[in-house]
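Below, the structure written as structure tokens:
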């Protein structure tokens, strides 16, 4: 379901975005600037969040039209208020990022000059206890980015089979002790349903060996990551959204992706490398035009935030940035 939001429909408390620090902002602006130098550039922000990157892009490029996408109505509400000074140059749509192609078509902007993906969970979702994303608060097990969807973390924890829980924890959380955690969850939920973040975090801690618990931060972080990805279908959305954004880029257009865990970064790398590879038969004396790469990488591997940014914004520490540019039409 896609919804356009207007300023008149929103309530907003001044200062709500305060403290939100867009990750690797200077580098994002630097990488996208050449693509936005034309007379009427268009950019799509596929994970709008609080609109920090969007605001900076709009300020830096006075003729830019920005299309922002987010599934979270709270994010749309707050970013709409934040971007009110640019209201005539924005189109904000409540949608999942995998609907990107439809959003662009409906907005009458099927071709764009820049695309930005700032993946993962946003600061408000982590900081608002009732959203149930964080193990640092005792809250209902929710974790929905779109609170109108039916699937919640509580439902996953209490209804998925042990085998499915093991798969989710192992694949999405890269949890070494997935079997131990899943089996303890199944055992304990038979006594009473697991409905709170605190109880789940305590169960995970109890399932993981003491020697492992002493290093690597909170032992629940991998389980919570895995559940969040499952509840919101984050990787499946990226699998569709990133290729759609690349297809929409005009010649000279650029894409920047900020990933926050290895699964996102690995998928991003795979998609970008596939688009920057010569697909012609090996050994040909003359490369075939139809098989020449349509894109080139703008980063060597994944770029990391510098120490100064991490000190200023600890949540940037896990960020990995990759970027590419369209060099040929498809």
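In the working numbering, the protein residues as written are -2 to 327.
Glycine included, C-beta positions come from ideal geometry on N, C-alpha and C.
Quick caveat: nothing in here was measured; it's all calculated off a predicted structure.
Cut-off 8 Å between Cβ atoms - residues of its own chain near residue i, not counting five sequence neighbours on either side
i: residue 327; result: 244 and 291
i: residue 314; result: 302 and 307
i: residue 259; result: 171
Pair within 7 Å by beta-carbon distance, residue i and residue j
i: residue 62; j: residue 86; result: yes
i: residue 299; j: residue 272; result: no
i: residue 25; j: residue 112; result: no
i: residue 178; j: residue 201; result: yes
i: residue 135; j: residue 195; result: yes
i: residue 80; j: residue 52; result: yes
i: residue 43; j: residue 238; result: yes
i: residue 241; j: residue 98; result: yes
i: residue 269; j: residue 235; result: no
i: residue 76; j: residue 45; result: yes
i: residue 350; j: residue 212; result: The displayed coordinates of the chain run from -2 to 327. Any statement about residue 350 would go beyond what the structure contains.
i: residue 83; j: residue 55; result: yes
Same chain, Cβ closer than 7 Å to residue i, neighbours up to 5 away in sequence not counted
i: residue 101; result: 41, 64, 107, 109 and 245
i: residue 155; result: 186, 190 and 191
i: residue 19; result: 49, 50 and 53
i: residue 28; result: 251, 253, 295 and 320
i: residue 105; result: none
i: residue 3; result: Since pLDDT at residue 3 reaches only 33, below the 50 mark, its modelled position is unreliable, and no value is offered.
is_contact[residue i, chain C] using C-beta, thresh 7 Å
i: residue 74; result: Among the chains in the structure shown there is no chain C, since it carries only a single protein chain.
Given residue i as reference, the closest of the options once Cα atoms are compared
i: residue 325; options: 96, 247, 158 and 223; result: 247
i: residue 141; options: 135, 228 and 115; result: 228
i: residue 93; options: 316, 266, 309 and 233; result: 233
i: residue 296; options: 310, 260, 275 and 255; result: 255
i: residue 35; options: 66, 264, 60 and 74; result: 60
i: residue 275; options: 262, 263, 258 and 293; result: 293
i: residue 72; options: 304, 55 and 143; result: 143
i: residue 150; options: 224, 21, 182 and 317; result: 224
i: residue 157; options: 170, 180 and 146; result: 180
i: residue 257; options: 250, 27, 267 and 222; result: 222
i: residue 145; options: 56, 69, 231 and 289; result: 69
i: residue 159; options: 147, 176 and 171; result: 176
i: residue 316; options: 323, 118 and 169; result: 118
i: residue 262; options: 114, 162, 55 and 82; result: 114
i: residue 171; options: 226, 188 and 203; result: 226
i: residue 163; options: 47, 21 and 183; result: 183
i: residue 21; options: 310, 322 and 323; result: 310
i: residue 39; options: 168, 249, 193 and 137; result: 249
i: residue 230; options: 137, 169, 138 and 188; result: 169
i: residue 197; options: 138, 304, 259 and 260; result: 138
Residue range of the alpha helix (DSSP H) that includes residue i
i: residue 226; result: 218 to 229
i: residue 205; result: Taken as a continuous stretch (DSSP letters only), residue 205 belongs to no alpha helix (DSSP H), as it is neither H nor E.
i: residue 308; result: 304 to 309
i: residue 75; result: 70 to 79
i: residue 301; result: Neither: residue 301 is in no alpha helix (DSSP H) and is coded neither H nor E.
i: residue 293; result: Segment 292 to 294 is the beta strand (DSSP E) holding residue 293; no alpha helix (DSSP H) there.
i: residue 211; result: Run containing residue 211: none; DSSP gives neither H nor E here.
i: residue 149; result: Neither: residue 149 is in no alpha helix (DSSP H) and is coded neither H nor E.
i: residue 185; result: 175 to 186
Cβ shell of residue i (< 6 Å), same chain only, five flanking positions each side left out
i: residue 205; result: 174 and 216
i: residue 23; result: none
i: residue 88; result: 64 and 104
i: residue 312; result: none
i: residue 322; result: 251, 293 and 295
i: residue 148; result: 228
i: residue 188; result: none
For residue i, the first and last residue of its enclosing beta strand (DSSP E)
i: residue 355; result: Beyond the ends of the chain as shown, which are -2 and 327, falls residue 355; an answer cannot be given.
i: residue 322; result: 317 to 323
i: residue 88; result: 87 to 91
i: residue 255; result: 246 to 256
i: residue 274; result: Neither: residue 274 is in no beta strand (DSSP E) and is coded neither H nor E.
i: residue 43; result: Element bounds for residue 43: n/a, residue is neither H nor E.
i: residue 167; result: Here residue 167 belongs to no beta strand (DSSP E); instead the alpha helix (DSSP H) covers 159 to 168.
Residues bridged to residue i (per DSSP)
i: residue 137; result: 193
i: residue 25; result: Residue 25 is not bridged to any residue.
i: residue 105; result: DSSP, once it has assigned bridges, lists no residue as partnering residue 105.
i: residue 115; result: 255
i: residue 66; result: 90
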